[in-house]
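Visitor: Take this structure first; my questions come after.
Residue numbers (our numbering): 115 to 930.
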């Protein structure tokens with residue numbers, strides 16, 4: 115067992131930029147699974163004769179850091195790049211001073227906004243560093259206080275390009291971020307084991323995913339210079355080159371940038387790239403700039419690794435809030451023809467011109483051309499005829515469905531007509547299926563989210579059946595119908611819907627189908643974390659290839675728990691870290707579990723606790739329950755805190771966690787709550803846990819009633835609870851429950867059987883005397899449900915009835 119000792123804190127974060135060898139490209143076990151998956155194509159089909167229909171840019175300038183030196187010019191460099199990309203028809207997502215949570219939000223948006231017909235450019239100006247062969251971007255709120263901080267304080271470049279590359283047709287990532295190390299003197303953990311690594315200035319060489327190009331402001335082992343003018347040598351050269359020839363191939367532009375930077379820095383800085391592009395790529399669409407973007411740099415100054423420029427006209431101004439002119443209503447679907455409604459709301463004359471000042475938060479207004487390319491129109495003067503052709507493209511925005519008032523998304527559009535700003539309120543009405551069953555982090559969803567515990571099963575089923583009937587070829591609706599069916603315990607029907615969604619290309623369907631197959635092993639309370647079959651692993655692998663963060667988690671979990679070799683466990687860890695970059699709390703919980711196993715090879719208490727705390731901080735019910743266990747048992751050296759444990763378990767239970775009621779029940783049983791021991795409350799919580807499929811809860815409730823006596827319960831109730839627990843196949847709990855049941859007298863068993871008959875709809879009085887009328891009632895309920903002949907032994911009979919009860923009212927397997 116490897117444990118982390120204080121003596122390993124000797125490593126330092128050094129200040130050399132870029133070392134040699136890069137990361138290995140591809141993951142052996144993942145590649146093996148993909149190679150054997152039915153119908154999988156090893157390479158994406160790319161028609162190099164056509165260009166992607168959509169252009170998408172993420173531009174980030176981080177200047178105002180909270181714990182490390184500021185970078186005064188980062189905003190300027192990022193602003194200039196944003197201006198250029200806007201002029202070339204990109205949909206630009208421009209961020210200044212982005213935090214770690216902000217990075218998570220940005221990467222989540224990539225999951226939803228980007229598809230295989232999208233070209234993506236990422237430009238980052240800010241601090242960056244390397245640890246081993248791994249590269250990290252630094253959010254403005256980063257502070258490496260402990261060796262465990264990197265996953266929560268920095269952003270993995272490998273994960274970023276993996277997430278974007280899995281979704282996009284083509285990506286170009288530009289990093290002017292190789293500066294003096296802001297975290298000198300610190301040591302950190304970034305790999306699966308306990309090897310401390312040194313953080314170094316700048317970036318290491320890194321292989322690019324398929325059809326990608328990574329551009330670095332300087333070469334491995336070197337630093338970039340800040341420049342003595344307005345801009346860094348790299349950014350200034352890049353702006354000059356792309357402004358002169360926006361339609362030149364990216365690789366040609368970069369060759370010019372490299373020559374220019376080399377000359378201006380007297381050979382001290384040489385930009386570097388890694389490319390796997392398989393089709394021509396250029397930044398331009400033939401759009402000449404209306405005016406040049408002014409830049410200046412003499413190539414000297416302090417060592418740095420940024421990029422920045424902002425045109426003077428983009429200086430901050432006080433924005434006046436316009437009055438609401440009209441209220442528009444539209445369906446919250448991927449695209450809406452909104453032009454005529456917008457024109458009517460503004461009461462435009464044929465000669466009026468309109469400028470879109472601010473887009474809605476949930477989408478964007480675009481103007482399609484004859485080729486199908488959708489041009490962003492913010493800041494453009496549009497004629498009345500142009501306004502008629504406007505389309506509202508609604509983006510996935512990850513809005514909890516439970517947060518909407520009356521199920522409506524309230525948004526707005528600000529326009530200028532004749533120099534006067536006017537605001538139009540925009541009320542977006544989601545499809546009921548999206549509202550009732552939209553999934554979290556679903557790349558092809560509409561962004562309205564419900565966790566499994568938040569689904570209202572009957573409403574979701576009705577809404578999604580109607581949606582599928584209206585649009586039978588919409589994979590999103592088939593997938594969400596599958597979610598509704600899973601919540602109603604109709605696994606076979608759900609699998610059929612997931613299969614249909616998969617056929618229609620819905621990204622989440624691969625993971626969902628694999629998970630449904632995996633869950634069949636625990637339909638009646640069996641193994642809670644079974645090892646997946648090869649077929650299930652292949653489904654998860656295909657989800658990973660399509661960029662689904664749930665698939666990152668599911669396959670990563672299998673690799674870490676059941677990989678069998680160190681190499682596969684490392685692959686699993688890397689997949690978990692990719693899921694973590696988009697804020698996936700399931701990955702945080704799994705990593706917390708992994709590092710808190712005291713008999714495990716990688717036991718590291720503080721590291722495990724950090725993951726669990728981060729999950730709970732994001733209001734995850736599993737994070738709440740895990741932190742409750744930490745406080746209850748003093749895990750990882752944490753001081754036992756019963757009050758904190760109760761608070762965590764209550765939050766988890768209220769959210770639907772299947773095991774949290776058991777944890778609360780035992781705290782009430784053991785007197786570890788305010789007010790002391792309370793057996794009645796204990797039994798109530800245990801009973802709730804049993805209804806959620808927890809056999810331990812049923813056995814404990816039955817034992818308390820039969821051994822200590824609990825007000826409001828009798829031996830008939832104890833027999834029912836014990837029988838339900840015994841009927842579950844989790845033998846660690848079901849076996850002792852059956853033994854307890856066998857200790858009851860025949861009257862108790864008969865009375866419990868009669869109560870179960872009543873639960874199943876039979877008409878019988880629970881008096882403990884199982885005569886002819888009781889026998890007839892039992893045979894009737896068995897016949898109603900197509901069950902076998904009635905058992906006659908009192909013990910076998912009550913278990914038979916309990917098993918029938920579970921088959922007619924199964925618990926929520928999807929919550930385990």
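Ideal placement from N, C-alpha and C gives every residue a C-beta, glycine not left out.
Output the distance between the C-alpha atoms of residue 442 and residue 540, rounded to the nearest integer angstrom.
Guide: Residue 442 sits at position 328 when you count from the first residue of the chain shown. Residue 540 sits at position 426 when you count from the first residue of the chain shown. When rounded, the distance between both Cα atoms is 5 Å.
Visitor: For residue 245, which option in 272, 254, 281 has the closest C-alpha, if you only look at C-alpha atoms?
Guide: Counting from 1 along the chain shown, the entry for residue 245 is found at position 131. With distances taken between Cα atoms, residue 245 lies closest to 272.
Visitor: Look at the Cβ atom of residue 908, then the Cβ atom of residue 863, and state whether they are nearer than 9 Å.
Guide: Residue numbering aside, residue 908 sits at position 794 when the chain shown is read from its first letter. Residue numbering aside, residue 863 sits at position 749 when the chain shown is read from its first letter. Contact: yes.
Visitor: Apart from the five residues just before and just after residue 455, which ones in its own chain have a Cβ nearer than 6 Å to its Cβ?
Guide: Locating residue 455 in the chain shown gives position 341, counting from the first residue. 442, listed in sequence order.
Visitor: Here's the rule I'm using: 16 or more other beta-carbon atoms within 10 Å means buried, otherwise exposed. How should residue 517 be labelled?
Guide: Position 403 of the chain shown, counting from 1, holds the residue named residue 517. Exposed is the call here.
Visitor: Quick check on this structure: which residue in 377, 394, 544, 751 has the alpha carbon closest to the alpha carbon of residue 365?
Guide: Here the question's residue 365 lines up with position 251 in the chain shown. Nearest option by C-alpha distance: 394.
Visitor: In the DSSP assignment, find the unbroken beta strand (DSSP E) run with residue 469 in it and report its ends.
Guide: Indexing the chain shown from 1 puts residue 469 at position 355. First-last of the beta strand (DSSP E) with residue 469: 467 to 472.
Visitor: In the stretch 324 to 378, which residue ranges form an unbroken beta strand (DSSP E) of at least 3 residues, counting only runs that do not cross its ends?
Guide: Qualifying beta strand (DSSP E) stretches, in chain order: 326 to 330.
Visitor: If you drop the 5 nearest sequence neighbours on each side, which residues of the same chain put their C-beta closer than 8 Å to that of residue 452?
Guide: Here residue 452 refers to the residue found at position 338 when the chain shown is read from its first residue. These residues qualify, in order along the chain: 442, 444, 479, 504, 505, 506.
Visitor: What does residue 386 pair with, by DSSP beta-bridge criteria?
Guide: What you label residue 386 is simply residue 272 of the chain shown in a count that begins at 1. Per DSSP, 330.
Visitor: Which same chain residues, not among the five before or five after residue 774, have their C-beta less than 6 Å away from its C-beta?
Guide: Start at 1 with the first residue of the chain shown, and residue 774 comes out as number 660. These residues qualify, in order along the chain: 739, 763, 766, 767.
Visitor: For residue 333 and residue 286, what's the separation of their Cα atoms in angstroms?
Guide: For this step, residue 333 is matched to residue 219 along the chain shown. For this step, residue 286 is matched to residue 172 along the chain shown. Going from the Cα of residue 333 to the Cα of residue 286 covers about 17 Å.
Visitor: Is the beta carbon of residue 653 sitting closer than 9 Å to the one on residue 672?
Guide: As a position in the chain shown, residue 653 is number 539, starting the count at 1. As a position in the chain shown, residue 672 is number 558, starting the count at 1. It is not a contact, given that the beta carbons lie outside the stated cut-off.
Visitor: Whose CA, out of 898, 275, 827, lies closest to the CA of residue 869?
Guide: Translated into positions along the chain shown, residue 869 becomes position 755. Nearest option by C-alpha distance: 827.
Visitor: Shortest alpha-carbon distance to residue 845 belongs to which of 821, 380, 858, 808?
Guide: The count along the chain shown starts at 1 and reaches residue 845 at position 731. Nearest C-alpha to residue 845: 808.
Visitor: For the candidate residues 374, 360, 369, 448, whose alpha-carbon lies nearest to that of residue 346?
Guide: Taking the first residue of the chain shown as position 1, residue 346 is located at position 232. Closest option to residue 346, Cα to Cα, is 374.
Visitor: Can you grab the Cα-Cα spacing for the pair residue 350 / residue 175, in whole Å?
Guide: As a first step, residue 350 must be located in the chain shown, where it is residue number 236. As a first step, residue 175 must be located in the chain shown, where it is residue number 61. If I take the Cα positions, the gap works out to 15 Å.
Visitor: Enumerate in chain order the residues of its own chain whose CB-to-CB distance from residue 607 is below 6 Å, with the five nearest sequence positions on each side excluded.
Guide: Working through the chain shown from its first residue, we reach residue 607 at position 493. Here the set comprises 599.
Visitor: What ranges does the alpha helix (DSSP H) occupy inside the stretch 462 to 543, keeping only unbroken runs of at least 4 residues that lie completely in it?
Guide: Runs of the alpha helix (DSSP H) inside the stretch 462 to 543: 498 to 502.
Visitor: Does the beta-carbon of residue 269, which I'm using as the reference point, lie nearer than 8 Å to any heavy atom of the ligand SAH?
Guide: The ligand SAH is absent from the structure shown, which contains no ligands of any kind.
Visitor: Could you tell me which of 220, 466, 683 sits nearest to residue 534, measuring between CA atoms?
Guide: In the chain shown, counting from the first residue as 1, residue 534 sits at position 420. The shortest Cα separation from residue 534 among 220, 466, 683 belongs to 466.
Visitor: Between residue 692 and the rest of its own chain, which residues show a CB-CB distance below 6 Å, the 5 nearest in sequence each way excluded?
Guide: Residue mapping note: residue 692 aligns to position 578 of the chain shown, counting from 1. Contacts found: 273, 276, 666.
Visitor: Pull up the distance between the alpha-carbon of residue 242 and that of residue 372, whole angstroms please.
Guide: Within the chain shown, residue 242 is the residue found at index 128, counting from 1. Within the chain shown, residue 372 is the residue found at index 258, counting from 1. So the alpha carbons of these two residues sit roughly 20 Å apart.
Visitor: Find the nearest neighbour of residue 839 within the set 859, 815, 531, judged by alpha-carbon distance.
Guide: Counted from its first residue, the chain shown places residue 839 at position 725. Closest option to residue 839, Cα to Cα, is 815.
Visitor: With DSSP collapsed to three states, give me the class of residue 143.
Guide: Residue 143 sits at position 29 when you count from the first residue of the chain shown. Looking at residue 143 - three-state DSSP - the assignment turns out to be helix.
Visitor: Buried or exposed: residue 215, going by 16 or more other Cβ atoms within 10 Å of its Cβ?
Guide: The sequence position of residue 215 within the chain shown is 101, counting from 1. Exposed: under 16 other Cβ atoms inside 10 Å.
Visitor: Name the DSSP bridge partner or partners of residue 238?
Guide: Numbered from 1 along the chain shown, position 124 holds the residue referred to as residue 238. 174, 289.
Visitor: Can you tell me whether residue 545 is helix, strand or coil according to DSSP?
Guide: Translated into positions along the chain shown, residue 545 becomes position 431. If DSSP states are grouped into helix, strand and coil, residue 545 belongs with coil.
Visitor: Using the Cα positions of residue 526 and residue 251, report the straight-line distance between them to the nearest angstrom.
Guide: Numbered from its first residue, the chain shown carries residue 526 at position 412. Numbered from its first residue, the chain shown carries residue 251 at position 137. Using only the alpha carbons, I get a separation of about 33 Å.
Visitor: Run through DSSP, which three-state label would residue 232 get?
Guide: Position 118 of the chain shown, counting from 1, holds the residue named residue 232. Reduced to three states, the DSSP call for residue 232 is strand.
Visitor: Hey, residue 833 and residue 865: beta-carbon distance below 9 Å or not?
Guide: Position 719 of the chain shown, counted from the first residue, corresponds to residue 833. Position 751 of the chain shown, counted from the first residue, corresponds to residue 865. The answer is yes: Cβ separation under 9 Å.
Visitor: Based on the DSSP secondary-structure assignment, which residues constitute the bridge partners of residue 443?
Guide: Locating residue 443 in the chain shown gives position 329, counting from the first residue. In the DSSP output, where bridge partners are listed per residue, residue 443 has 541.
Visitor: Which parts of the stretch 556 to 618 are runs of the alpha helix (DSSP H), unbroken and 4 residues or longer, counting only runs that do not cross its ends?
Guide: Entirely contained in the stretch 556 to 618, the alpha helix (DSSP H) runs reaching 4 residues are, in chain order, 571 to 584, 589 to 601, 605 to 617.
Visitor: Express the C-alpha separation of residue 232 and residue 169 in angstroms, rounding to a whole number.
Guide: Here the question's residue 169 lines up with position 55 in the chain shown. Here the question's residue 232 lines up with position 118 in the chain shown. Rounded to whole angstroms, residue 169 to residue 232 spans 6 Å at the Cα level.
Visitor: Kindly give me the distance between the Cβ atoms of residue 236 and residue 172, rounded to whole angstroms, as I take these residues to be in contact under 8 Å.
Guide: The count along the chain shown starts at 1 and reaches residue 236 at position 122. The count along the chain shown starts at 1 and reaches residue 172 at position 58. Sure, about 5 Å apart at Cβ, within 8 Å.
Visitor: Report the option in 325, 269, 270, 581 whose CA atom is closest to the CA atom of residue 389.
Guide: Locating residue 389 in the chain shown gives position 275, counting from the first residue. Cα-wise, what sits closest to residue 389 is 325.
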